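Worksheet: the structure to be examined is printed underneath.
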Ligand code: CP
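Numbering (our numbering), first residue to last: 177 to 485.
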């Protein structure tokens with residue numbers, strides 16, 4: 177029996193021996209096939225509510241243990257590298273690594289640096305949002321939401337008849353890039369980026385750019401409007417003049433929403449800046465599907481984890 181464990185000089189030879197023999201015995205059982213593929217480490221180097229909690233709930237639903245590493249109290253604060261942290265967690269049995277980071281492309285770099293190691297052959301890496309590069313599970317849950325709202329009766333998914341507007345700061349948005357990639361793959365032919373020139377992605381194939389807020393046809397015919405968070409935290413310098421101009425000319429208000437189709441749905445990945453990119457009336461209004469997206473986040477993350485098992 178052990179009441180407390182404060183220092184080893186408090187323990188007798190028998191107590192130490194008993195612990196060593198017991199741990200050795202446990203080691204013969206815990207590394208079995210049944211106990212593997214069963215632990216997900218959530219490493220959020222950048223803040224999150226939706227993604228982190230939904231991955232935790234998704235893992236729970238699938239019987240996978242989710243370990244939330246609190247970066248601020250972890251050895252990361254003692255300068256442990258991410259690669260060493262990953263090896264450490266893998267040595268404790270983690271097979272899934274769900275990682276959010278402020279640095280773009282960091283997941284690709286890690287997977288490439290670790291290529292042909294035990295870590296990549298035995299573990300799965302999931303990008304939970306890296307800088308302004310990509311947020312694939314958000315892109316997938318957004319597609320699920322559009323499918324449920326606009327494409328449900330069809331057996332195979334085909335977005336070729338849909339018009340989707342992506343409104344706001346697409347240049348700093350990882351969600352916009354993931355949504356565009358998925359929309360194009362699913363056949364969407366009318367993807368409109370809308371916003372001030374300074375915040376809009378450069379023109380790309382299959383995507384039109386609209387920077388003239390006075391053009392009332394910008395929102396005309398849209399089935400889906402994805403509003404984006406103004407990513408203040410990813411801007412080297414927030415131009416307050418531009419922000420005010422944005423609020424005045426681009427904010428999705430009930431008046432502007434009227435230009436889209438009457439049954440258009442409004443989406444936003446969250447967290448929302450009420451009164452900046454979207455008015456509360458629209459965010460909480462009948463066309464908003466923002467909370468449906470949140471609900472779908474758990475389902476899509478379950479589907480992603482399940483696809484890896
Ligand atoms: N949409 C999204 O990634 O939200 P969180 O930052 O709360 O995870």
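Yeah, the Cβ is synthetic: ideal placement off N, Cα and C, and Gly gets one too.
All of these numbers come straight from a predicted model, not from anything done at the bench.
Residue i burial status per 10 Å Cβ neighbour count (16 or more: buried)
i           : result
residue 367 : buried
residue 223 : exposed
residue 277 : buried
residue 319 : buried
residue 249 : exposed
residue 303 : buried
residue 203 : exposed
residue 472 : buried
residue 469 : buried
residue 210 : Because residue 210 sits at a pLDDT of 49, beneath the cut-off of 50, its placement in the model cannot be relied upon, and the following sentence gives the value as read from the coordinates. Exposed, since its Cβ has fewer than 16 Cβ neighbours within 10 Å.
residue 246 : exposed
residue 292 : exposed
residue 414 : exposed
Reference residue i; option with closest CA among the options
i           : options               : result
residue 263 : 295, 320, 454 and 383 : 295
residue 338 : 379, 437 and 349      : 437
residue 308 : 409, 298, 292 and 291 : 409
residue 433 : 447, 216, 411 and 462 : 462
residue 279 : 220, 397 and 271      : 220
residue 419 : 452, 447, 399 and 332 : 452
residue 285 : 271, 334 and 306      : 306
residue 464 : 435, 281, 430 and 283 : 430
residue 300 : 227, 416 and 271      : 271
Cutoff 6 Å; reference residue i; Cβ partners in own chain excluding five residues on either side
i           : result
residue 445 : 314 and 351
residue 370 : 341, 343, 386 and 394
residue 298 : none
residue 191 : none
residue 345 : 375, 404, 406 and 407
Own chain residues within Cβ distance below 8 Å of residue i, not counting five before or after
i           : result
residue 466 : 442, 443, 444, 446, 448 and 459
residue 239 : 214
Original post:
Listed by chain order, which residues have C-beta atoms less than 7 Å from any heavy atom of ligand 1?
Top reply: 223, 224, 225, 226, 227, 228, 305, 311, 314, 351, 445, 446 and 447
**OP:** Give a yes or no on contact between the region 473-483 and the region 253-269, applying the rule of three or more CB pairs nearer than 8 Å.
**Re:** no
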